[in-house]
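*Asks:* Residue numbering for the sequence shown follows the numbering used here, beginning at 470 and increasing consecutively.
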Amino acid sequence: MDPEKKRLKKIISKNINFENIFIGITVILGIIIVINIVLTANLNKDLKKSSEIFQEKLKPAKIELIVVKNSKCADCFDISTIVSHIKNANVNITKQTMHEFDSKEGKALVSKYKIEKVPTVVITGEIDKFNIQGLEKRENALLFTQINPPYTNAATGKIDGRVTLYLLKDSTCEKCNDLSTLILQIKGAGVKIYEEKNAELSSNEGKELISKYNIGFVPSLVLSKDAAAYEVIQSAWPQVGSRENDGSYVLRTIYPPFINLTTNQLRGIVNIIYLTDKSCVECYDVNQHKEILTSQQSFAVRIDKEESYDIIDAKGKELVARYNIKLVPATILSSEIGVYPTSRILRQFFSVENDGSYVFRQLQAVGTYKDLATNKVVKAQQQTPQTQEQ
């Protein structure tokens, strides 16, 4: 073939290849552009939809609010605080009604939504856009279920949570614990004491309680079976008392001072002895033990007689020898401390002697003291394992 023709054919073939490549690239770019247009359009739709959903969520939920209550129960749970909380939320209350639980409408609501405790609140409407802690979904509604006693039992109409408290005591015992701190703690835990009754040890009512529940000491407490409505009683009472066959709650933990009904003796009156060394002006103030021991927030010990001796006194020397005391100042509690339930905690710091007395041994945990064996003052921050041994 003519060389010129071959060259021309080669040029044409090369141009055709470039053209094909260009056409291919153009097609691919076109496809990519179309895909991007479709994706962008879908993304815009998704963004628009998300925006619409977000805007919809921002709108107040349209709800109807129904209060079911028992107007005859003045001391029942205050549902108005819950209603106010709901109204302050992002809601548009289109309708609000109130029904007595025993009315025709109220009974229908109790049946439909399986209401157990009254008062309560029933919310219908756009409930998926609205939620508050304590609301539980029932059918097509939200029901407030976290109702504290007292409340009306919707099934029986009885008011649960009205507790009667019996204080079994002996008024002639001036030194006995009056259990006022314990009673305040019970009330502070939210237990509604509807009625308080004092049952004297010598009275027929007092004797009946002692016999019925086999009570071995006074003062003591008995709570009526209504206390079962309170979760705090169900969970905490087993630590301090028993639940009887009739549902009553009886205190079984002693709170000294008390009278032992078997021996008729007053127990829990503690005497305290402070043993000091006047030459140790740096030693910690031993009187601080009394403050800790008598505090109602700690051991609540009833101190009757207080004595103080120096180690150079005859009585002081006798105590040092009797209890093998190596560190001063020392604190000695009479054996009656042993009847206190909190004495098991004291045994971490006190030794229990043969006569039942408790002697404080962990002086390094308090402050500066004197080691009688070395006749040296030991500052709290300078304690060593040797000075901790007794």
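Every residue, glycine too, gets a C-beta built ideally from N, C-alpha and C.
Given a cut-off of 8 Å, decide if Val-691 and Leu-670 are closer than it, judged by their beta-carbon atoms.
*Replies:* Going by C-beta atoms, Leu-670 is not nearer than 8 Å to Val-691.
*Asks:* Shortest alpha-carbon distance to Gly-603 belongs to which of Gln-703, Gly-807, Val-591?
*Replies:* Val-591
*Asks:* Give me the residue from Ile-806, Cys-642, Lys-795 with the minimum Cα distance to Asn-733.
*Replies:* Cys-642
*Asks:* Measuring CB to CB, does Tyr-620 end up less than 8 Å from Cys-545?
*Replies:* yes
*Asks:* Could you have a look at Ala-849 and say whether DSSP puts it in helix, strand or coil?
*Replies:* In the three-state reduction of the DSSP assignment, Ala-849 falls in the helix class, which pools H, G and I.
*Asks:* Are the beta-carbon atoms of Arg-607 and Lys-573 separated by less than 8 Å?
*Replies:* Judged by beta-carbon spacing, Lys-573 lies beyond the 8 Å limit of Arg-607, meaning their Cβ atoms are not closer than that value.
*Asks:* Would you mind listing the beta strand (DSSP E) stretches within the segment 722-800 that are 3+ residues and don't spill past its ends, in chain order?
*Replies:* Those beta strand (DSSP E) runs which fall completely within the segment 722-800 and span 3+ residues are 727-729, 734-736, 738-745, 771-779.
*Asks:* My assumption, with CB atoms under 8 Å, is that Leu-788 sits in contact with Ile-742. Please give the rounded CB distance.
*Replies:* 7 Å
*Asks:* Considering Cα atoms alone, identify which of Phe-818, Ala-790, Gln-817, Asn-740 is closest to Ser-803.
*Replies:* Comparing Cα positions, the closest option is Asn-740.
*Asks:* Using DSSP's beta-bridge definition, name the partner residues of His-568.
*Replies:* DSSP output for His-568 lists Val-537 as bridge partner(s).
*Asks:* Could you check how far apart the C-beta atoms of Lys-586 and Ile-555 are, in whole angstroms? I think they sit under 8 Å.
*Replies:* About 18 Å separates the two Cβ atoms, so there is no contact after all.
*Asks:* Can you name the start and end residues of the alpha helix (DSSP H) that Ile-551 belongs to?
*Replies:* 549-556
*Asks:* So which of Trp-706, Asn-714, Asp-647, Val-719 has the shortest CA-CA distance to Ile-679?
*Replies:* Val-719
*Asks:* In chain order, what residues of the same chain have a beta carbon less than 7 Å from the beta carbon of Arg-736, not counting five sequence neighbours either side?
*Replies:* Pro-725, Pro-726, Phe-727, Asn-729, Glu-805, Val-808
*Asks:* Contact between the segment 746-755 and the segment 627-647: three or more CB pairs below 8 Å?
*Replies:* No: fewer than three Cβ pairs fall under 8 Å.
*Asks:* In angstroms with no decimal places, state the Cα-to-Cα distance between Ser-767 and Ile-761.
*Replies:* 7 Å
*Asks:* In chain order, what residues of the same chain lie with their CB nearer than 6 Å to the CB of Met-567, ignoring the 5 residues before and after it?
*Replies:* Val-536
*Asks:* By how many angstroms is the C-alpha of Ala-790 removed from the C-alpha of Asn-683?
*Replies:* 44 Å
*Asks:* So, at 6 Å on beta carbons, what are the nonlocal neighbours of Arg-712 in its own chain, with the 5 sequence-adjacent residues on each side left out?
*Replies:* By the criterion of a C-beta distance shorter than 6 Å, Arg-712 is surrounded in its chain by Tyr-718, once the five residues flanking it on both sides are discounted.
*Asks:* Can you give me the Cβ contacts of Ala-849 inside the same chain, cut-off strictly under 7 Å, excluding the 5 residues immediately before and after it?
*Replies:* Around Ala-849, the same chain offers Gln-833, Gly-836, Thr-837 as residues with beta carbons nearer than 7 Å, after the five sequence neighbours per side are excluded.
*Asks:* Just the C-alpha distance for Tyr-450 and Ala-668, rounded to the nearest angstrom, thanks.
*Replies:* Look at the range of the chain in this structure, 470 to 859, and you will see that residue 450 is not part of it.
*Asks:* Using DSSP with H/G/I as helix, E/B as strand and the rest coil, what is Lys-839?
*Replies:* strand
*Asks:* Taking 6 Å as the limit between beta carbons, can you name the residues of its chain near Trp-706, skipping five residues before and five after?
*Replies:* So the list reads Tyr-718, once near-sequence residues are dropped.
*Asks:* Starting from the C-beta of Ser-820, find all residues in its chain whose C-beta is less than 6 Å away, skip the five residues before and the five after it, and write them out in chain order.
*Replies:* Val-828, Arg-830
*Asks:* Within 10 angstroms of its Cβ, does Phe-570 collect 16 or more other Cβ (buried), or is it exposed?
*Replies:* Buried, since its Cβ has 16 or more Cβ neighbours within 10 Å.
*Asks:* From the DSSP output, read off the bridge partner residues of Gly-825.
*Replies:* None, per the DSSP bridge assignment.
*Asks:* For Ser-540, which residues in the same chain have their Cβ closer than 8 Å to its Cβ, ignoring the five residues on either side in sequence?
*Replies:* Glu-569
*Asks:* Buried or exposed, going by whether 16 or more other CB atoms sit within 10 Å of the CB of Lys-839?
*Replies:* Lys-839 comes out buried.
*Asks:* Residues bridged to Ser-689 by DSSP?
*Replies:* Leu-637
*Asks:* Start and end of the alpha helix (DSSP H) containing Arg-813?
*Replies:* 812-815
*Asks:* Taking C-alpha atoms, which residue in Val-552, Ser-649, His-758 lies nearest to Leu-815?
*Replies:* His-758
*Asks:* For Tyr-699, which beta-bridge partners are listed by DSSP?
*Replies:* The partner list for Tyr-699 (beta bridge, DSSP) is empty, contrary to what the question assumes.
*Asks:* So what does DSSP say about Glu-674, is it helix, strand or coil?
*Replies:* helix
*Asks:* Starting from Glu-574, follow the alpha helix (DSSP H) in both directions and report where the run begins and ends.
*Replies:* For Glu-574, the enclosing alpha helix (DSSP H) starts and ends at 573-581.
*Asks:* Count the other CB atoms, across all protein chains shown, that sit within 10 Å of the CB of Ala-577; report buried if there are 16 or more and exposed otherwise.
*Replies:* exposed
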